[in-house]
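K.L.:
Going by our numbering, the sequence shown opens with residue 40, and the numbers climb by one from there.
Just so you know, even glycine gets a beta-carbon here, dropped at the ideal spot from N, CA and C.
If you're wondering where the values come from, they're calculated on a predicted model, not measured in any experiment.
I'd like to ask some things about the structure below.
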Amino acid sequence: MNDYLIQTNFAAHNLIDLINSEENALNSLKTKLVDLKKHHEFLYADFIRKELDLNDHFNDHQIMHSYAKQASFYNEHIEPLQIQIDKLSNSISSKQESIKALSGALLQIAKQGISIVHSSLNTCPDGRFIYNEPIKNIIWQGRNQSLHYEEGNFRSPIVRCFQSIGISLINKNLAKEIIDLLEWNTYQKYQDDMILLLG
Numbered sequence: 040m041n042d043y044l045i046q047t048n049f050a051a052h053n054l055i056d057l058i059n060s061e062e063n064a065l066n067s068l069k070t071k072l073v074d075l076k077k078h079h080e081f082l083y084a085d086f087i088r089k090e091l092d093l094n095d096h097f098n099d100h101q102i103m104h105s106y107a108k109q110a111s112f113y114n115e116h117i118e119p120l121q122i123q124i125d126k127l128s129n130s131i132s133s134k135q136e137s138i139k140a141l142s143g144a145l146l147q148i149a150k151q152g153i154s155i156v157h158s159s160l161n162t163c164p165d166g167r168f169i170y171n172e173p174i175k176n177i178i179w180q181g182r183n184q185s186l187h188y189e190e191g192n193f194r195s196p197i198v199r200c201f202q203s204i205g206i207s208l209i210n211k212n213l214a215k216e217i218i219d220l221l222e223w224n225t226y227q228k229y230q231d232d233m234i235l236l237l238g
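In structure tokens, the structure reads:
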């Protein structure tokens, strides 16, 4: 493995964890919620069937038991999970500027690797392509946008790259959007791309 990747492993690994940990946890909770809601819908359908199906001759006690089971499942499983999701969503929202700064730092590490190993963008391998744009250029221009977004006067290579990848240029740090586009939500994915670029 390239010496630069070894030397920056600690920083890159921890940045990726900080950038993605809450978002990954939120996605996991949302998946769990979908499954629980499906089960709740099954219980509700069962309750309705028992209440309306006169041929089965359910008595009032059986119907009330079915309703209580369905309501209890919602109160014990779905409602607490929804509260967790809301809290995590609020936590992520309150840290957006920090996440953008961390994402910019990760792009800086990746861009610096290209500069150290290849001296320039032109001599670096392309890596994989996203929307016909080589990731070496997405990293390079994404880092530049993140570093100079406050100036608002973006150079043509940044403008062309962002047009190509379909991200609207604004006077805000777009590093997190670039990290999401690259799908660097684990260190392994980051490392796989960087090995293609740095050797």
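Determine the DSSP secondary structure at glutamate 61, reduced to helix, strand or coil.
P.N.:
Residue state, collapsed to three classes: helix.
K.L.:
Give me the DSSP bridge partner(s) of phenylalanine 168.
P.N.:
Note: phenylalanine 168 sits in a beta bridge opposite Pro173.
K.L.:
Can you tell me whether glutamate 172 is buried or exposed, with buried defined as 16 or more other CB within 10 angstroms of its CB?
P.N.:
With 16 or more other Cβ atoms within 10 Å, it is buried.
K.L.:
For the alpha helix (DSSP H) holding glutamate 136, just list the boundary residues, first then last.
P.N.:
Its alpha helix (DSSP H) spans residues 135-157.
K.L.:
Just how far apart, CA to CA, sit asparagine 94 and alanine 110?
P.N.:
Only weak support exists for where asparagine 94 lies, its pLDDT of 48 falling under 50; the coordinates are left without a value.
K.L.:
Would you grab the beta carbon distance between glutamate 222 and isoleucine 206 for me? Rounded to a whole angstrom, and I think it's under 8 Å.
P.N.:
14 Å between Cβ atoms; not a contact.
K.L.:
Is the beta carbon of cysteine 163 less than 9 Å from the beta carbon of glutamine 180?
P.N.:
Their beta carbons are not under 9 Å apart, which means cysteine 163 does not touch glutamine 180 by this criterion.
K.L.:
Kindly indicate if chain C contains any beta-carbon less than 9 Å away from that of leucine 146.
P.N.:
Protein chains in the displayed structure number just one, and chain C is not present.
K.L.:
Leaving aside the five residues before and after alanine 51 along the sequence, list all residues of the same chain whose C-beta is less than 7 Å from its C-beta, in chain order.
P.N.:
Cβ within range, chain order: Leu145, Ile148, Tyr226 and Tyr229.
K.L.:
If you reduce the DSSP assignment to three classes, tell me which class asparagine 224 lands in.
P.N.:
Of the three classes helix, strand and coil, the one that applies to asparagine 224 here is coil, per DSSP.
K.L.:
Tell whether a beta-carbon distance below 9 Å holds between lysine 211 and lysine 150.
P.N.:
The answer is no: Cβ separation not under 9 Å.
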